[in-house]
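Below is one structure, written out as structure tokens; the observations come after it.
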Amino acid sequence: GGRGATDVYNGRSSGRSLGRKRYTREGTKKSNNSVDDLETRQEELSPLPPLTVPNGPRPFYFTCRHTYEHTLIDEINRYARRNGGEVHAMSPYPGLVRVEDNDGILPTFYDPVYALQSMPQSVVVTAESIKSISKQVINALLGVGSDDDDDDNDESKIDRISQQQHDRLRSAERGSLSIHCLVPGMCKAQTKPVMQHRSDKIGEEIAKMTKKMFPAARKAATEEDPSTRWLLQVMLQSPNIAVASLVECQKKGPGQNSYWPNYVHPLGLAKVDIVEKMPSSAYRKLMEGIECMKITPKPKLTTVVDLGACPGGWTSVMRRLGCYVVAVDRSEVDTVLMRDDMVEFIKGDAFTFEPIMAGIDKEQDCWMISDVIAYPERCTELLQRWCEGRWASNMIVTMKFQGGEPDLDELDNAIQVVERLGYNCRVKHFF
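Note that the numbering used here has the sequence shown beginning at -6, numbered continuously upward.
Now the structure itself:
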């Protein structure tokens, strides 16, 4: 719908695809195995970032759906203006946004709607070899591993943030540290992006180094999940320049295991493809929403109301999760679903339907999901009706926009409505 759908659940400006350059600057066609190909593709990331220095400004990096870079930039600038400041945001590569926040406007756990992942308070280092880059990353993030012993007592080279992170990570639980090895091509969902092998080797080296110093990097002693989660992300910008970020992730909800930044999926890209045929490709949005909120319905115990269900992509997902589904639409869903005993089709209006019409009482665990095409204001009204009635324990609703820009004011309005009525709410635009 227009600029895409944004998922609102309770308790994505155009970018330019640079493509692969097939000709040299002199106009001659390159061979498939050109030795210059790696360097040429490297030039797509422009400009390369300046190196950070101890106690100096640290940039933020965010990933987003490719072609929505400027939408994310606009959202970040809007946040900065509303908080009386200014940031410099730009996109050095499709699906990647860099933010220079010299005035400290952005909070560490700033969670933009159009961001899939965050690398807050990043450092930028350079070195030639895999081992040297790994050492530089550890030194910049944690203040350890410097090869220059003469400078150990030089307070100007001791980064305050790094020292604090070092002390906190020392006491973190075993198994609580995750390491994500990244390259820009992943932002475009490339299957074999440039520099991935080098990035993986750097990650392996960092893992070896951190295991020697921090229990958090070692395997957990028990099968119980750690109560805290740490995430170290390293993204190569060129073979010799790396951006890295370390943070203790913050619980965002609605589920207890929903964290920001996302420590589970590198760059926030959840794997949601289903091999078998589905009624529509829209099912991916619902699966991303469930994965993000980290709450799943209870098989055979949860009744799901799918408003605007036709052709049945979202209904199919909920059936795969073992739920009984009430599919509401003016048109019938897929014939396979119509023959399913666990699907009840009700011909009707998504905006006037109430659970009692299907015999659903308040004692049942009920979810409401909706991917209906409507103006944003109507989606806010829909959320308000269901929240006021306390008709569902959890809801996943898409808000669709027409034209060139999303209506972030209406999104803010929907969030305020939902939270005022006692629900935990998070808004995300997915891949």
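Cβ coordinates follow ideal geometry from the N, Cα and C atoms, glycine included.
CB-CB under 7 Å to residue i, same chain, minus the five flanking residues each way: which ones, in chain order?
i      : result
LEU89  : TYR54, THR56, PRO177 and CYS180
PRO85  : LEU38, SER39, PRO40 and ARG91
HIS159 : LEU135, GLY136 and VAL137
PRO105 : PHE55, LEU65, GLU68 and ILE69
LEU44  : VAL117, VAL118 and THR119
MET335 : ARG312, TYR317 and VAL318
LEU31  : Residue placement at LEU31 is flagged as unreliable, the pLDDT there being 47, under the threshold of 50; the coordinate-derived value follows with that caveat. Correct list, in chain order: VAL187.
LEU401 : GLU68 and ARG71
State buried or exposed for residue i, treating a residue as buried only when at least 16 other CB atoms are found within 10 Å of its CB.
i      : result
HIS63  : buried
ASP141 : Its pLDDT being 47, under 50, ASP141 is placed unreliably by the model, and the measurement read from it follows with that caveat. The residue in question, ASP141, is exposed, as its Cβ has fewer than 16 Cβ neighbours within 10 Å.
GLY306 : buried
GLU241 : buried
MET350 : exposed
GLU412 : exposed
VAL329 : exposed
GLU443 : In the structure as shown, the chain starts at -6 and stops at 424, and residue 443 therefore has no counterpart that could be examined.
HIS422 : buried
LEU170 : buried
ASN132 : buried
GLU284 : buried
SER220 : exposed
SER274 : exposed
GLY261 : buried
ALA235 : buried
Would residue i and residue j qualify as a contact pair, given that the criterion is a beta-carbon distance under 8 Å?
i      : j      : result
GLN110 : GLY136 : no
ASP358 : GLY301 : no
LEU41  : GLN230 : yes
PHE102 : ARG163 : no
SER238 : PRO113 : yes
LEU314 : PRO348 : no
ASN233 : ARG153 : no
SER115 : GLU198 : no
VAL410 : LEU376 : yes
LEU175 : GLN226 : yes
ILE123 : LYS185 : no
HIS258 : LEU224 : no
PHE344 : ARG323 : no
ARG211 : LYS201 : no
Can you look up residue i in the DSSP assignment and give me helix, strand or coil?
i      : result
GLN110 : strand
CYS303 : coil
HIS422 : coil
ASN70  : helix
TRP379 : helix
LEU175 : strand
ASP140 : Low confidence applies to ASP140: its pLDDT is 45, below 50, so where it sits in the model is not reliable enough to give any reading.
SER127 : helix
CYS359 : strand
SER84  : strand
GLU374 : helix
ARG51  : coil
VAL365 : coil
ASN387 : strand
GLU166 : coil
GLU93  : strand
VAL350 : The sequence shown places Met at residue 350, rather than the Val named in the question. Helix.
MET188 : coil
THR56  : strand
THR45  : coil
THR119 : strand
Please go through the same chain and pick out, in chain order, the residues whose beta-carbon is closer than 6 Å to the beta-carbon of residue i, but skip the five residues on each side of it.
i      : result
MET311 : VAL297 and VAL318
MET286 : TYR2, PRO247, GLY248 and SER251
MET361 : VAL298, TRP379, ALA385 and MET388
PRO213 : A small fix is needed here, since residue 213 is Ala in this sequence, not Pro. Result list for ALA213: ARG167 and GLY168, in chain order.
LEU279 : TRP307 and VAL310
ILE353 : THR296 and CYS359
ASP78  : According to the sequence shown, residue 78 is Gly rather than Asp. Taken in chain order, the residues that qualify are ASP96 and ILE98.
ASP327 : PRO272, PRO304 and GLY305
Excluding five sequence neighbours on each side, which residues of the same chain lie with their C-beta closer than 8 Å to the C-beta of residue i?
i      : result
LYS331 : Strictly speaking, residue 331 in this sequence is Met, with Lys absent from that position. Only GLU325 and PHE338 meet the Cβ criterion.
ASN406 : THR373
LEU294 : ASP358
PRO50  : GLU93, ASP94 and ASN95
PHE346 : VAL298, LEU300, VAL321 and ILE339
ASP266 : ARG277
State yes or no: is the C-beta of residue i nearer than 7 Å to some heavy atom of the ligand ZN?
i      : result
ILE366 : Absence of the ligand ZN is noted for the structure shown, with no ligands found whatsoever.
Is there at least one Cβ from chain C nearer than 8 Å to residue i's Cβ?
i      : result
TYR107 : No chain C appears in this structure, which consists of one protein chain only.
Item to check | Inside the stretch 196 to 273 only - beta strand (DSSP E) runs reaching at least 3 residues | outcome: Listed in chain order, the complete beta strand (DSSP E) runs (minimum 3 residues) inside the stretch 196 to 273 are 223 to 231 and 234 to 241.
>> In chain order, what are the residue ranges of uninterrupted beta strand (DSSP E) at least 3 long that sit wholly in the stretch 284 to 344?
In response: Counting whole runs of 3 or more residues, the stretch 284 to 344 contains the beta strand (DSSP E) stretches 295 to 300, 317 to 322 and 336 to 340.
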